[in-house]
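Line by line, the protein sequences give chains F and E. Quick note: the first sequence uses full-length UniProt numbering, first residue 1, plus one each step. Quick note: the second sequence uses full-length UniProt numbering, first residue 1, plus one each step. Note that the Cβ used here is the ideal one computed from N, Cα and C, for glycine as well. Please read the structure below before turning to the comments.
Protein chains: 2
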Amino acid sequence: MRRWNGWGDEQFNLELPIQGRSFLVDRVGSGSPLSDVSLESVLAKVPETRLLADSTVDKLIDTNTEARVRHARGQSLPDWLAMRSGEFGVFPDGVACPESSLDVQKLLQYAQASDIELIPYGGGTSVAGHINPLASDKPVLTVDMGGMNRLIDLDRESQIATFGAGTPGPLVESQLRAHGYTLGHFPQSFELSTIGGWVASRSSGQQSLRYGRIEQLFAGGRVETLKGTLDLPTIPASSAGPDIREMILGSEGRIGLITEVKVRVSRLPEQESFHVVFFPDWDLARTACRKLVQNRTQLSMLRLSSAVETETQLALAGHPHLISMLEKVLSLRGSAEGKCMMTFGLTGSSRQCASAKQEAKRICSEYNGVYTGTRLGKKWAEKRFTMPYLREALWQMGYAVDTLETATDWDNVDNLLGLMEGSLRDGLQAREKSKNERAHVFTHLSHFYAQGCSIYTTYVFRVADSYEETLARWQHLKNTTSELIVRNRGTISHQHGVGKDHAPFLPVEKGELGMLAIRSLCATFDPEGILNPKTLVE
Amino acid sequence: MRRWNGWGDEQFNLELPIQGRSFLVDRVGSGSPLSDVSLESVLAKVPETRLLADSTVDKLIDTNTEARVRHARGQSLPDWLAMRSGEFGVFPDGVACPESSLDVQKLLQYAQASDIELIPYGGGTSVAGHINPLASDKPVLTVDMGGMNRLIDLDRESQIATFGAGTPGPLVESQLRAHGYTLGHFPQSFELSTIGGWVASRSSGQQSLRYGRIEQLFAGGRVETLKGTLDLPTIPASSAGPDIREMILGSEGRIGLITEVKVRVSRLPEQESFHVVFFPDWDLARTACRKLVQNRTQLSMLRLSSAVETETQLALAGHPHLISMLEKVLSLRGSAEGKCMMTFGLTGSSRQCASAKQEAKRICSEYNGVYTGTRLGKKWAEKRFTMPYLREALWQMGYAVDTLETATDWDNVDNLLGLMEGSLRDGLQAREKSKNERAHVFTHLSHFYAQGCSIYTTYVFRVADSYEETLARWQHLKNTTSELIVRNRGTISHQHGVGKDHAPFLPVEKGELGMLAIRSLCATFDPEGILNPKTLVE
């Protein structure tokens, strides 16, 4: 069963190897965990629902307390702290489970007639507060799209698949695979997040180099709004004015509820493999990545870990034999100290993969990269969706983990990365209450464009002796670093979306007139502001 | 000097070979040309300007009659008929020539204060009426962006170039080439159209397979609006809500005037070549194209001519020796009759080109394609921007030429193409006054996506014995076929934009709520509706 207060399935636990533990103790000190409250104690806190009975929708709505608890929070660190402490603050008044666009229309009519706020809910994997209800005079109804999880149509000639918006990643891929197709969209939340959520939050998958972001995959579909049904026709490309699809992408529930998603799918590839190259230092490694993507080498994924992330990953992975062997080889070639690990993926026909592999190896070796084959790449592929489980293991040891991510142009990558890492590493020391605390901070670049790349920074710090103080530490790091990002040419999010947590920083990025455009768009479709209020736009 | 009443430079004329003429006579009958009026007679018709002197902008504005004539029309067939007959109807009251964003701000303030309509003007190459002034109680000021035509900045690391919005294609490429870069955006209007116009009308270039459409190239920039300056930051990709760039792309002057355009540029490629393959029939040829693009073969361009276009091109090209040799070879392989010509481009590193060439040849041969090398491809490349000049030659012989273009999903390509060709070929016969007239109609597919492709249909018909009747014939063909397109899953334009000519058909494509979104966006930035009125949205 799904964990009610953390990531993924209760049955699945990831063990941190002993070397990993001592590595962390060495970096940030020994952790002492905060105690988790029980589900029962939280259930007892849930207030009466404020929803009144309505025969048109009663069958669709569940006001059971456990359903309301399970839909109250996402997966951000403050969400974890709320769930672990039991201090949820607000619960939705009910959870609706529509099974059709018609059901969703009924829910919208009901919400409008009864002045109820609606929050669309996909996999509940938001790390930016998208699905959290806020305190409100109006009742809040969370709409769980999970009942709409089928492949509705597959056009093999045009390679377009139509899905119910609530279809989670594994069901997207398994239903396509049965016909020989793949979508190829693999965000780290893949196990739980949904195709509708990907569109609503403009997500990006690990193999975006081949398949594109969700913007490139989203071909059209259906959105139910308070003004009626918005049908987005599938057209391969058009110069007929602004693209309405682009207004729905990233709309985060403010325009309407996405009920059907049409996506551009691909035939299952002939081949796929992941390869690892080590570089002697960051400069060479980053330049090699830039050259690969600006050269249009046909890779399907590319990821570059900083020296600290490389060291951390190898330590946490707990393969001492493999590592010592690797270090020996690398030290012979002068790249053991400060080494940076690059992983690249090859996907496609055997000719494409062979040609791209040669080209990638040639470019890497120009920057002194040491190619080590597919052994570590296989491990990455096996564990690609399990990293969130590590957070659970670290939590049990008294460590909080969070990530901040952005994207910026190449000329600004090192500058912004340095500012972010510095702000997170030293930020706790700026506060009197945590002046002796430090965070362990490491970064990878994982989405590459000719123009620039994403920056994905992880930080691990010890929980404080109370939930309140732990949250205050997080809030300090999050706020100061988010402000730095948008003041220094970064986007407030490359792949997590805006939600409620990033909304205060959006106006710096979009500017006054950009915000005017977004606000006017939301107000056009939802003048009363009952759809996912305070999300995207404060 | 630029032609005042047609395409391109007066010095440049394209001769139609004698075989081409007899080919056309055979298809639609012998043409007898309408007589063109002189520039002088048109100048005499231009009314007094209604613009009042204003010291803040007087230096920027030219009310000279010739300037007003030269900015009154684009390049659509009705524009040609207006210019050739002298029946312009409406002229702008003046032409402003700003040289900076500040100048544009002044013009906007002046327009708002004095209730004047503004029409942004790039290269004047619209074939959909974008820049045509309409009869209005308010004075109309056309803003020619041609003074802002410089490369302002080049960031080599991030591969981003900043241009003044009025920079025409040749100046974009020559200024980049001096530094070893290319934009790679080559619409057929390349000689005259501008980078700001490409963004405003969402254009696509002949090598979109490699470089992408303008949507993929447009990284950010500056838009002057009535509400202030909209700065679009360059960010490689983002999940931070709806993308404001996508609202400017295709906005056709309704939101503001684009003054600076930042684009994603590429290093000049190592290699480039164009190759021609003949297929025995349309089905095989179209399927080969679909397979090439769905297989992600790294081509830089792809174009497939229907059997009639293939025959027409070979006839109009006037290389009888080459053709008879070619037909001999093809007939040996069973593909002389009904043959379809495909041209594909290879651009990139020598390894990429070699690998893609092998893959392309393998896929083509699976569909019985006969590879003929680069000879015809070289001719295509040499003549790629001269086709509009052919229109002049045909006009002189009494033939009118126009094109209709769309894009649709693969499963609908043949259906829509058949409807369009039928409607254009037989449409004149439905009118009493032209029941004995037929049009010569042919098509190519020239922009390819995994999901579908563009359909570009050319039609040639004899001019009538008057301008009025010629216009009526065009209007009939245009309206009936445009209606067919949007009623049958096509976009009203894949690469020409909406303008005023396509605006009546946009609501079918976008739907009621799509139009609501676009209208609300325009009204947010221009509540009085003084920016390019009736364009995009009627």
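CA nearest to the CA of residue i, picked from the options
| i | options | result |
| --- | --- | --- |
| F:MET325 | F:GLU366, F:LEU376, F:ARG384 | F:LEU376 |
| E:GLU252 | E:SER136, E:PRO120, E:HIS185, E:PRO92 | E:PRO120 |
| F:ASN295 | E:ASP58, E:GLY373, E:TYR211, E:HIS494 | E:TYR211 |
| F:PRO78 | F:LYS106, F:TYR467, F:LEU232 | F:TYR467 |
| E:GLN11 | E:MET1, E:GLY20, E:ASN5, E:PRO17 | E:MET1 |
| F:PHE525 | E:LEU516, E:LEU531, E:ALA523, E:ILE530 | E:LEU516 |
| E:SER55 | E:TRP4, E:GLN109, E:ARG27 | E:GLN109 |
| E:GLN495 | E:GLN429, E:MET145, E:ALA407, E:MET420 | E:ALA407 |
| F:LEU230 | F:PHE279, F:VAL104, F:ASP26 | F:VAL104 |
| E:LYS227 | E:LEU531, E:THR535, E:GLU538, E:VAL537 | E:LEU531 |
| F:LYS339 | F:ASN368, F:LYS361, F:ASN415, F:VAL57 | F:ASN368 |
| E:ARG462 | E:ASP153, E:VAL401, E:ALA44 | E:VAL401 |
| F:VAL28 | F:ARG213, F:GLU215, F:LEU428 | F:LEU428 |
| F:CYS97 | F:ASP144, F:ARG384, F:PHE344 | F:ASP144 |
| F:LEU60 | F:GLN19, F:GLY146, F:GLY74 | F:GLY146 |
| E:HIS71 | E:ARG303, E:PHE91, E:PHE385, E:ASP58 | E:PHE91 |
| F:LEU257 | F:PRO280, F:LEU394, F:GLY122, F:PRO187 | F:GLY122 |
| E:LEU149 | E:TRP474, E:TRP282, E:SER331, E:THR259 | Going by the sequence as given, residue 149 of chain E is Asn instead of Leu. Out of E:TRP474, E:TRP282, E:SER331, E:THR259, E:THR259 has the C-alpha closest to the C-alpha of E:ASN149. |
| E:GLN188 | E:ALA178, E:SER203, E:GLY196, E:SER174 | E:SER203 |
| E:VAL199 | E:TYR181, E:PRO168, E:GLN207, E:ALA178 | E:PRO168 |
Cβ separation of residue i and residue j, assumed to be a contact under 8 Å, to the nearest whole Å
| i | j | result |
| --- | --- | --- |
| E:GLY94 | E:LEU51 | 5 Å |
| F:VAL293 | F:TYR371 | So it is not a contact: roughly 18 Å between Cβ atoms. |
| E:GLN298 | E:GLY250 | No, E:GLN298 and E:GLY250 are not in contact; Cβ-Cβ is about 28 Å, not under 8 Å. |
| E:GLU509 | F:PRO233 | 7 Å |
| F:VAL42 | F:VAL69 | 5 Å |
| E:GLY74 | E:ASN5 | That belief does not hold up - the Cβ atoms of E:GLY74 and E:ASN5 are roughly 12 Å apart, past 8 Å. |
Partners in chain F for residue i, counting only beta-carbon separations shorter than 7 Å
| i | result |
| --- | --- |
| E:TRP410 | GLU157, SER158 |
| E:LEU513 | THR225, LYS227, GLY228, LEU230 |
| E:LEU404 | Going along chain F, no residue has its Cβ under 7 Å from E:LEU404, so there is no contact; the nearest lies around 13 Å. |
Beta-ladder partner(s) of residue i, from DSSP
| i | result |
| --- | --- |
| E:PRO168 | E:THR194 |
| E:VAL401 | E:VAL460 |
| E:GLN271 | E:GLY348 |
| F:CYS340 | F:PHE279 |
| F:GLY228 | F:THR225 |
| F:GLU260 | F:GLY164, F:ARG222 |
| F:ASP144 | F:TYR121 |
| E:PHE448 | E:CYS453 |
| F:ALA96 | F:ILE61, F:VAL143 |
| E:SER204 | Answer is none; E:SER204 lacks a bridge partner. |
| E:ARG303 | E:THR343 |
| F:ARG375 | Bridge partners of F:ARG375: none, in fact. |
Contact set between residue i and chain E, taken where Cβ atoms lie within less than 8 Å
| i | result |
| --- | --- |
| F:SER349 | ASN295, GLU359 |
| F:GLU246 | PRO242, ASP243, GLU246, MET247 |
| F:SER482 | Chain E residues near F:SER482: none, gap ~11 Å exceeds 8 Å. |
| F:GLY129 | Here the premise fails: no neighbours, minimum Cβ distance about 14 Å. |
Closer than 8 Å at the beta carbon, the chain F residues around residue i
| i | result |
| --- | --- |
| E:ARG177 | Correct list: empty, because the minimum Cβ distance to chain F is about 17 Å. |
| E:SER41 | Under the 8 Å cutoff, chain F gives no residues; its nearest Cβ is about 36 Å from E:SER41. |
Amino acids of chain F, ordered along the chain, whose beta-carbon sits closer than 9 Å to that of residue i
| i | result |
| --- | --- |
| E:PRO236 | ALA407, THR408, ASP409, TRP410, HIS447, PHE448, TYR449, ALA450, GLN451, GLY452, CYS453, SER454, THR491, HIS494 |
| E:GLY197 | Within chain F, no residue comes near E:GLY197; the closest Cβ sits about 11 Å away, beyond 9 Å. |
| E:GLY250 | SER238, SER239, ALA240, GLY241, PRO242, ASP243 |
Contact test: residue i Cβ vs the ligand GTP heavy atom, cutoff 8 Å
| i | result |
| --- | --- |
| E:LYS478 | Absence of the ligand GTP is noted for the structure shown, with no ligands found whatsoever. |
Residues that residue i contacts on chain E, provided the C-beta gap is smaller than 9 Å
| i | result |
| --- | --- |
| F:GLY89 | Residues of chain E passing the Cβ test: none, with the nearest at roughly 25 Å. |
Determine which residues of the segment 518-535 of chain F have a Cβ less than 7 Å from any Cβ of chain E, and write them out in chain order. ILE518, SER520, LEU521, THR524
Counting only Cβ-Cβ distances shorter than 9 Å, please list the residues of the segment 136-160 of chain E near chain F, keeping chain order. ASP155, ARG156, GLU157, SER158, GLN159, ILE160
Taking a cut of 8 Å between CB atoms, which residues from the segment 446-468 of chain F lie near chain E? HIS447, TYR449, ALA450, GLN451, GLY452, CYS453, SER454
Chain F contacts from the segment 492-508 of chain E (Cβ-Cβ distance under 8 Å): The residues in question are ILE492, SER493, HIS494, GLN495, HIS496, GLY497, VAL498, HIS502, LEU506.
Identify each residue in the segment 282-313 of chain F for which the Cβ-Cβ distance to at least one residue of chain E is less than 9 Å, and report them in chain order. Cβ contacts with chain E come from ARG290, GLN294, ASN295, ARG296, THR297, GLN298.
Below 9 Å between beta carbons is the criterion; list the residues of the segment 200-234 of chain F that meet it against any residue of chain E, in chain order. SER201, ARG202, SER203, SER204, SER208, ARG210, ARG213, ILE214, GLU215, ALA219, VAL223, THR225, LYS227, GLY228, THR229, LEU230, ASP231, LEU232, PRO233, THR234
Between the segment 255-286 of chain F and chain E, which residues of the former have CB atoms less than 8 Å from a CB of the latter, in chain order? Within the segment 255-286 of chain F, the residues whose Cβ lies closer than 8 Å to some Cβ of chain E are ARG264, SER266, ARG267, listed in chain order.
For the segment 9-21 of chain E, list every residue whose C-beta sits within 8 Å of some C-beta in chain F, in sequence order. From the segment 9-21 of chain E, no residue has a Cβ closer than 8 Å to chain F.
Going along the chain, which residues of the segment 369-393 of chain E sit with their C-beta nearer than 7 Å to a C-beta in chain F? none
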